[in-house]
Amino acid sequence: MPLNRRKFLHRSAVTGAGVALAGAAAPAAEARSGPGGRKAKRYALTVLGTTDLHGHVFNWDYFKDAEYTDGAGNAQGLARISTLVDQVRAERGRENTLLLDAGDTIQGTPLTYYYAKVDPITAEGGPVHPMARAMNAIGYDAVALGNHEFNYGIETLRKFEEQCRFPLLGANAVDARTLRPAFPPYFMKTFRVPGAPPVKVAVLGLTNPGIAIWDKALVQGRLAFPGLEEQAAKWVPKLRSMGADVVVVSAHSGTSGTSSYGDQVPYVENAAAEVARRVPGIDAILVGHAHQEIAELRVVNEETGRTVVLSEPLCYAERLTLFDFSLVFEKGRWRVESVRASLRDSAAVEDDPRITRLLSEEHAKVVAYVNQVVGTATETLTTVDARYTDAPVIDLITKVQEDVVRAALAGTEYAALPVLAQASPFSRTSEIPAGEVTIRDLSGLYVYDNTLVAKVLTGAQVRAYLEYSAEYYAQVPVGAAVDVERLTNAGGRPDYNYDYVSGLTYEIDIARPAGSRIRNLAYGGVPLDDGQRFVLAVNNYRANGGGAFPHVASAPEVWSESTEIRTRIAEWVTAKGVLDPADFASVDWRLTRDGVPVF
Numbered sequence: 186m187p188l189n190r191r192k193f194l195h196r197s198a199v200t201g202a203g204v205a206l207a208g209a210a211a212p213a214a215e216a217r218s219g220p221g222g223r224k225a226k227r228y229a230l231t232v233l234g235t236t237d238l239h240g241h242v243f244n245w246d247y248f249k250d251a252e253y254t255d256g257a258g259n260a261q262g263l264a265r266i267s268t269l270v271d272q273v274r275a276e277r278g279r280e281n282t283l284l285l286d287a288g289d290t291i292q293g294t295p296l297t298y299y300y301a302k303v304d305p306i307t308a309e310g311g312p313v314h315p316m317a318r319a320m321n322a323i324g325y326d327a328v329a330l331g332n333h334e335f336n337y338g339i340e341t342l343r344k345f346e347e348q349c350r351f352p353l354l355g356a357n358a359v360d361a362r363t364l365r366p367a368f369p370p371y372f373m374k375t376f377r378v379p380g381a382p383p384v385k386v387a388v389l390g391l392t393n394p395g396i397a398i399w400d401k402a403l404v405q406g407r408l409a410f411p412g413l414e415e416q417a418a419k420w421v422p423k424l425r426s427m428g429a430d431v432v433v434v435s436a437h438s439g440t441s442g443t444s445s446y447g448d449q450v451p452y453v454e455n456a457a458a459e460v461a462r463r464v465p466g467i468d469a470i471l472v473g474h475a476h477q478e479i480a481e482l483r484v485v486n487e488e489t490g491r492t493v494v495l496s497e498p499l500c501y502a503e504r505l506t507l508f509d510f511s512l513v514f515e516k517g518r519w520r521v522e523s524v525r526a527s528l529r530d531s532a533a534v535e536d537d538p539r540i541t542r543l544l545s546e547e548h549a550k551v552v553a554y555v556n557q558v559v560g561t562a563t564e565t566l567t568t569v570d571a572r573y574t575d576a577p578v579i580d581l582i583t584k585v586q587e588d589v590v591r592a593a594l595a596g597t598e599y600a601a602l603p604v605l606a607q608a609s610p611f612s613r614t615s616e617i618p619a620g621e622v623t624i625r626d627l628s629g630l631y632v633y634d635n636t637l638v639a640k641v642l643t644g645a646q647v648r649a650y651l652e653y654s655a656e657y658y659a660q661v662p663v664g665a666a667v668d669v670e671r672l673t674n675a676g677g678r679p680d681y682n683y684d685y686v687s688g689l690t691y692e693i694d695i696a697r698p699a700g701s702r703i704r705n706l707a708y709g710g711v712p713l714d715d716g717q718r719f720v721l722a723v724n725n726y727r728a729n730g731g732g733a734f735p736h737v738a739s740a741p742e743v744w745s746e747s748t749e750i751r752t753r754i755a756e757w758v759t760a761k762g763v764l765d766p767a768d769f770a771s772v773d774w775r776l777t778r779d780g781v782p783v784f
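Residue numbers (the working numbering): 186 to 784.
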């Protein structure tokens, strides 16, 4: 699709029109004899898919300033995906392939941050986003919107959309006022088959309803996000009525049927398997959002009894999904006879030198940016034990948040309220080494582009908040051995949904059942007054209900800003010059069993 189609794409986004293209001719194979002894026509189609790229163009760890390695032999980056895609196109014939993505494209690395904030694509005469350049060069056909597409605001997303030679799909991203699609709901491509009618393939794009919570400040009143199942039930029949022989869904939604936002929206977060089970007419679903590897999952549709094939390639461009379709032409139409899914591994190939040449300059700029020195550390600070001990490096985050919120509320009616702060041990490997401290050191500590919000909670609500957070720990009886590898993540709770709260002192008794673990909770050395009011400095994900922590989403909001917490940390360290734990570290909490410290 030439660049002059940008205007069409933008117009499609506003009206909700789909996108349709015609593919090149492809041969049809003859199969066993049909009625009257005639040979039935067959056609083989391969749909390729990635998801949750999160700005990974190269196999490079910007936080470590080194080639990426995870100890498991994985490799990352669109440059590797480009090599894999070229291999499949050579095997199957480019004219017989379709390349899709299931979202979360423009957030997740210093590369994407740089082109959203430091050298923004929205500036007059600004650059083309590296992800757009790479994906255009590789030849993506369509990409579903992910929730992280909205992190930098709608203006940035629209500019990225304008720079892409493929549509950004979101059937359930609708205008909040008219409820009409705000982005193209679907994409259709016609594959020419000599000697037989063409094959029409429809791709329906679905994104995550949680956007309404996670990026509330950016989308409220402008966009709404109904459920995946509901919108698929609306659009799939339309696509079939338009003559689609194959219907593929690209869904930024996992398969587990669970949600991390409780009952704050009436739609399931990880709904891909439910869509397959309950919405007839779908042949395959490219799954995203959950950051899991699913080579092939087969789900039987309750209404038709037909099997729908799902696949989720590993995030960060570590895997490529292949859906191999076999179609047969009979009774005047094409029918999907079989679908199988498989994965290809980015570690098995080298970077495509074409992508390396294309984006080497952008990569070098970001490497230089993240290696800027902003201060010095008196000692090494690490998150290695931060899941189960009060780590000074997490205290750095809460200290910065407390200082920013106190300064923001100075002179207001809330200035006299005590300020508490929330932070999570996002990474298990982050380290700020003794000596020079760089932006990449601090970025590795706070890997998300969260911003800061101030909420007012009562002491009783803070207590409930802490009890909910403490569900992160498994129950370990007194006298039993404590295995730190099994101690955390109870019930599948991720590390980013466990919170420290500074400004208080408390114990978490892991011998007690969830809901009654917070002991000796105190403020200022005296037992917490349930009626006292506090300001909680909290990231926007949590403030909007991410993680379903009690009370915080509905609590009065007294201040917020658009500057990233990561940037606030860098500013704080720059202003101090020296990063000394004496300026921020404190022991606020500890794990106990029947009053006895665990560590």
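Ideal placement from N, C-alpha and C gives every residue a C-beta, glycine not left out.
Run of the beta strand (DSSP E) containing residue i, from where it starts to where it stops
i	result
Y371	Y371 to R377
F514	R504 to E515
D530	R518 to D530
N705	I703 to Y708
I693	T690 to D694
Y685	Y685 to S687
Beta-bridge pairing of residue i - partner residues as DSSP gives them
i	result
V641	V720
D448	DSSP lists no partner for D448.
I617	L566
T492	V485
L651	Bridge partners of L651: none, in fact.
L391	A436
W245	E252
Neighbourhood of residue i by C-beta, 6 Å cutoff - its chain only, sequence neighbours within 5 removed
i	result
D246	Y253
A458	T440 and V484
R704	E692 and D694
P411	N357
D509	T231 and R525
Q477	E497
E564	A619
S615	T568, G629 and L630
Exposure label - residue i; buried when at least 16 CB within 10 Å
i	result
L364	exposed
G517	exposed
D255	exposed
F784	exposed
Q405	exposed
R727	buried
D668	exposed
M320	buried
Q557	exposed
G490	exposed
A600	exposed
T282	buried
Three-state secondary structure (DSSP) of residue i
i	result
L364	coil
V669	helix
R778	strand
A308	coil
I750	helix
R227	strand
Q477	coil
R483	strand
L233	strand
L630	helix
D385	In the sequence on display, residue 385 carries Lys and not Asp. It is a strand residue.
Close beta carbons around residue i, own chain, < 7 Å, minus the five adjacent residues each side
i	result
G466	V421, P422, R425 and V432
R678	E656 and Y657
G240	I291, Q292, G293, T294, L296, T297 and M316
G700	E652
G428	K385
T235	I266, D286, P498, A502 and L505
8 Å Cβ shell around residue i - same chain, five flanking residues per side excluded
i	result
R539	S267 and A322
R671	A659
Y337	I291, Q292, A301, K302 and D634
D271	D537
Continuous alpha helix (DSSP H) stretch holding residue i: start and end
i	result
E340	I339 to Q348
I470	Careful: I470 lies outside any alpha helix (DSSP H), inside the beta strand (DSSP E) at A469 to V472.
K419	L413 to S426
A606	From DSSP, A606 is part of no alpha helix (DSSP H) but of the beta strand (DSSP E) over V604 to A608.
I398	I396 to W399
Contact with chain B by residue i, beta-carbon distance below 8 Å
i	result
E487	Looking for chain B here will not work: only one protein chain is present.
Any non-hydrogen atom of the ligand GTP closer than 7 Å to residue i Cβ
i	result
V431	The ligand GTP is not part of the structure shown, which contains no ligands of any sort.
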